[in-house]
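In this note's numbering, the protein residues as written are 355 to 554.
Here the structure is laid out as structure tokens; the discussion comes afterwards.
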């Protein structure tokens with residue numbers, strides 16, 4: 355999974371990058387909040403973000419707020435790295451939009467577990483977003499059935515396009531999951547079926 359790091363300290367940045375690459379992550383590295391914000395605007399942005407709290411230009415909580423303020427609906431999991439351990443600081447970071455945090459200096463196995471959790475959540479949210487898109491497309495297909503249908507007065511076939519006519523069952527089955535069973539209504543029985551039976 356593609357991951358973005360925003361860390362202004364060069365040593366911490368190199369250690370973090372090397373650690374994540376060793377775990378198999380595709381890492382994009384930025385040196386401060388402003389550079390990270392620019393990277394988030396790119397079309398193929400990483401969705402797992404690891405942001406240092408204290409950075410020049412734009413700190414981690416401010417960057418979180420900007421990212422959460424985006425209106426494009428992109429999925430992001432944000433992990434804050436911080437030397438702050440006071441409860442009110444942690445609350446501030448989470449309220450700014452972070453999903454989780456790791457205190458510095460970080461413990462490798464703890465970081466690995468929290469990053470893996472972030473990856474899992476991003477993948478689940480991405481699958482959910484894909485299903486919503488498919489559901490909306492299916493609803494659009496169903497809504498097509500609510501409009502005016504050109505139907506033959508004699509054979510009851512439906513016109514699709516300028517010249518193609520098809521049976522009602524085929525038309526609806528192509529646009530929904532509806533299935534059909536056939537029977538005879540009382541009026542048709544009296545008008546059509548009963549006279550045929552009487553002739554026999």
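Cβ coordinates follow ideal geometry from the N, Cα and C atoms, glycine included.
Here the structure is a predicted model, which means the values were calculated and not measured.
| query | result |
| --- | --- |
| Sufficient close CB pairs (3 or more, under 8 Å) joining the region 442 to 450 to the region 370 to 390 | no |
| Of the listed residues 519, 536, 403 and 379, nearest to residue 418 (C-alpha basis) | 403 |
| Sufficient close CB pairs (3 or more, under 8 Å) joining the region 530 to 542 to the region 512 to 519 | no |
| Residue 391 - DSSP class collapsed to helix/strand/coil | helix |
| Helix, strand or coil at residue 455 according to DSSP, with G and I counted as helix | strand |
| Pair within 7 Å by beta-carbon distance, residue 429 and residue 469 | no |
| Outcome for residue 400 when other beta-carbon atoms lying within 10 angstroms are tallied against a minimum of 16 | buried |
| Element boundaries [alpha helix (DSSP H), containing residue 360] | Counting along the chain, residue 360 falls outside any alpha helix (DSSP H), though it belongs to the beta strand (DSSP E) covering 356 to 360. |
| Close-in-space but distant-in-sequence residues of the same chain around residue 413 (CB under 7 Å, 5 per side omitted) | 387 and 407 |
| Among 405, 437 and 513, nearest to residue 452 - alpha-carbon criterion | 405 |
| In DSSP terms, what residue 514 is bridged to | 518 |
| CB-CB length for residue 379 against residue 409, believed under 8 Å | Their Cβ separation, rounded to whole angstroms, is 21 Å, which puts residue 379 and residue 409 out of contact at 8 Å. |
| Separation of residue 525 from residue 541, as counted between CA atoms | 25 Å |
| Delimiting residues of the beta strand (DSSP E) encompassing residue 380 | 380 to 384 |
| Residue 406 - partner residues in DSSP beta bridges | 435 |
| Buried/exposed call for residue 553, threshold 16 Cβ in 10 Å | exposed |
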